[in-house]
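One structure is given below, encoded as structure tokens.
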Amino acid sequence: MASPDAEYARSIRLLFRLVLAALIPGFFWFLFLALSGPTGTGLEEAWSQGESPFWTGGQTPLVWIIALPPLIPTLSSIYLALSFFRARRRMMALLALSQGGILLGAMAILLL
Amino acid sequence: MIEPVWLSWLLLLFFASGAIGVVAVLAGVGGAVLFVPLVGTLLPLHIDLVRGTGLFVALAGALAAAPVTLDGSLSKVATAIPFALAASLGSILGALVGVNQDPSTVRFLLGVLLLAVIPITAFATRNLADRAQVSAEQWVPAHRGVAAILFLCIGFLGGFFGVGAGWANVPLLVALCGAPLRVAAATSGLIILVNSATASWVYLAAGAVDPLITIASVAGMTFGSRFGARLLPRVPQGVIRTVVLLLLLFAALRSILEAL
Numbered sequence: 053m054a055s056p057d058a059e060y061a062r063s064i065r066l067l068f069r070l071v072l073a074a075l076i077p078g079f080f081w082f083l084f085l086a087l088s089g090p091t092g093t094g095l096e097e098a099w100s101q102g103e104s105p106f107w108t109g110g111q112t113p114l115v116w117i118i119a120l121p122p123l124i125p126t127l128s129s130i131y132l133a134l135s136f137f138r139a140r141r142r143m144m145a146l147l148a149l150s151q152g153g154i155l156l157g158a159m160a161i162l163l164l
Numbered sequence: 132m133i134e135p136v137w138l139s140w141l142l143l144l145f146f147a148s149g150a151i152g153v154v155a156v157l158a159g160v161g162g163a164v165l166f167v168p169l170v171g172t173l174l175p176l177h178i179d180l181v182r183g184t185g186l187f188v189a190l191a192g193a194l195a196a197a198p199v200t201l202d203g204s205l206s207k208v209a210t211a212i213p214f215a216l217a218a219s220l221g222s223i224l225g226a227l228v229g230v231n232q233d234p235s236t237v238r239f240l241l242g243v244l245l246l247a248v249i250p251i252t253a254f255a256t257r258n259l260a261d262r263a264q265v266s267a268e269q270w271v272p273a274h275r276g277v278a279a280i281l282f283l284c285i286g287f288l289g290g291f292f293g294v295g296a297g298w299a300n301v302p303l304l305v306a307l308c309g310a311p312l313r314v315a316a317a318t319s320g321l322i323i324l325v326n327s328a329t330a331s332w333v334y335l336a337a338g339a340v341d342p343l344i345t346i347a348s349v350a351g352m353t354f355g356s357r358f359g360a361r362l363l364p365r366v367p368q369g370v371i372r373t374v375v376l377l378l379l380l381f382a383a384l385r386s387i388l389e390a391l
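Those protein sequence lines, which keep their order, are chains A and B.
For the first sequence, the numbering used here begins at 53 and goes up steadily by one.
For the second sequence, the numbering used here begins at 132 and goes up steadily by one.
Below is the structure:
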């Protein structure tokens with residue numbers, strides 16, 4: 053059985069690759085939207101005022117792609133808690149679960 | 132100038148992030164601590180978007196490094212988790228307080244923070260010799276309670292300003308917890324992984340993360356860091372470090388002057 057450290061590393065590496073694979077085409081999709089549609093109009097002004105037009109107006113649900121990177125430590129923490137639990141290190145499992153809980157709590161701010 | 136203008140901003144952001152990535156690796160500092168003040172003062176982007184992107188820059192760096200340091204036994208999850216928990220609680224508070232703050236206040240405080248970062252980067256890390264030749268496996272952190280409180284404060288600053296805070300984590304882990312320098316740097320990466328992700332959710336909820344700005348910056352920083360790592364054996368680090376300190380001083384003074 054692999055150590056929790058190795059399992060944590062493996063989960064981060066795998067999820068990071070998947071997220072990168074989604075972000076790269078996602079970038080070109082956002083670029084296409086900005087160049088071809090109303091999203092690009094006044095983008096300089098919106099950026100100067102701290103607004104991202106991709107979040108407002110419901111142009112694309114794909115904007116949620118950008119929420120994938122912080123999802124990696126969230127999911128990995130829960131996986132880490134399971135690894136520690138399997139290794140019978142209950143205190144560490146609890147700490148890892150707390151870490152995942154804080155990340156899920158922060159994520160809930162976005163969803164609420 | 133390329134039309135539309137935002138496209139030229141995006142290209143500038145990509146190349147600026149790349150240059151920051153090169154310099155950050157050569158100087159041995161985190162990318163976000165350079166990214167936020169420099170991009171915040173050089174490009175006409177709102178400071179909230181820059182801070183939101185700074186967190187993603189820090190997160191991407193930590194995501195790339197964490198599996199390597201864990202596999203290389205330079206860091207242990209078990210030692211990092213208690214500190215990461217404290218830092219992530221601090222970072223969520225910092226992000227909640229910091230997001231949507233008055234931009235002038237943020238710029239002024241960022242300038243003040245940078246004036247504190249400069250001596251830490253210049254002197255503290257230079258004097259941090261490995262006190263004990265122990266591996267991550269053997270290292271037992273000293274003064275855990277005090278360190279956890281300090282990590283809470285560092286996490287707060289990281290969340291507030293959108294920086295990874297490796298500049299504070301590493302000296303703290305070495306000086307207070309007795310970690311060897313390389314183990315401290317690797318453990319700091321694991322802490323940043325969690326606290327930058329926590330604060331990112333808050334910035335995302337506030338709509339302070341633009342996908343175009345963020346992906347262009349993270350991509351530029353990633354390419355720059357890789358190029359910087361190749362240049363590392365050939366470039367005198369002392370010179371680069373001085374350049375970075377001068378850049379930080381420039382960004383600090385400009386942030387303060389802009390805010391006043």
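Note that beta-carbon positions come from the ideal geometry of N, C-alpha and C, so glycine has one too.
Model, not experiment: these values are computed from the prediction.
CB-CB length for residue i against residue j, believed under 8 Å
i	j	result
N326 (chain B)	G290 (chain B)	7 Å
A279 (chain B)	F214 (chain B)	6 Å
A339 (chain B)	G162 (chain B)	Not quite, the Cβ-Cβ distance comes to about 19 Å (not below 8 Å), so this is no contact.
L245 (chain B)	A337 (chain B)	With 8 Å as the limit, L245 (chain B) and A337 (chain B) do not qualify as a contact, their Cβ atoms being about 23 Å apart.
L283 (chain B)	A218 (chain B)	7 Å
A267 (chain B)	S319 (chain B)	Contact doesn't hold; Cβ gap of about 12 Å is too wide.
L216 (chain B)	L134 (chain A)	About 18 Å separates the two Cβ atoms, so there is no contact after all.
V333 (chain B)	W298 (chain B)	So it is not a contact: roughly 21 Å between Cβ atoms.
F239 (chain B)	I371 (chain B)	About 28 Å; that fails the 8 Å criterion.
From the options, residue whose alpha carbon lies closest to that of residue i
i	options	result
V170 (chain B)	B:A215, B:V305, B:V349 and B:P213	B:V349
V271 (chain B)	B:I323, B:L304 and B:L138	B:L304
L143 (chain B)	B:V156, B:P175, B:V237 and B:G162	B:P175
G157 (chain A)	B:L220, B:F381, B:L241 and B:T236	B:L220
L288 (chain B)	B:L224, B:P342, B:T210 and B:A189	B:L224
D57 (chain A)	B:L186, B:G159 and B:A209	B:A209
D341 (chain B)	B:P168, B:G276, B:G185 and B:N300	B:G185
I81 (chain B)	B:R313, B:A273, B:I322 and B:T252	Outside the shown range of chain B, which is 132 to 391, sits residue 81 (chain B), and nothing can be said about it.
P135 (chain B)	A:I76, A:L70 and A:G94	A:G94
P367 (chain B)	B:W137, B:I151, B:V228 and B:G159	B:G159
Q101 (chain A)	B:S206, B:L190, B:F146 and B:S235	B:S235
L117 (chain A)	A:F106, A:A74, A:Y60 and A:M53	Looking at the sequence provided, one finds Ile at residue 117 (chain A) rather than Leu. Taking only the C-alpha atoms, the option nearest I117 (chain A) is A:A74.
L324 (chain B)	A:G78, A:S55, A:A61 and A:A54	A:A61
A273 (chain B)	B:L307, B:V301, B:P302 and B:P250	B:L307
R65 (chain A)	A:L127, A:E97, A:L83 and A:F106	A:L127
A390 (chain B)	B:L241, B:I346 and B:R313	B:L241
A191 (chain B)	B:A347, B:F381 and B:R361	B:A347
Contact test: residue i Cβ vs the ligand FAD heavy atom, cutoff 8 Å
i	result
A296 (chain B)	No copy of the ligand FAD occurs in the structure displayed, which carries no ligand at all.
Sub-9 Å separation of residue i and residue j beta-carbons
i	j	result
G149 (chain B)	G293 (chain B)	no
T353 (chain B)	A193 (chain B)	no
R385 (chain B)	T172 (chain B)	yes
L162 (chain A)	I124 (chain A)	no
L138 (chain B)	I344 (chain B)	no
Q151 (chain A)	L120 (chain A)	no
F145 (chain B)	G351 (chain B)	yes
P168 (chain B)	L379 (chain B)	yes
P122 (chain A)	A211 (chain B)	no
Neighbour flag for residue i against chain E, beta carbons, 9 Å
i	result
F187 (chain B)	Within the model displayed, chain E is absent; protein chains A and B are what it includes.
- Task: May I ask you to verify whether the segment 144 to 160 of chain B touches the segment 369 to 380 of chain B, counting CB pairs closer than 8 Å and requiring at least 3?
- Result: yes
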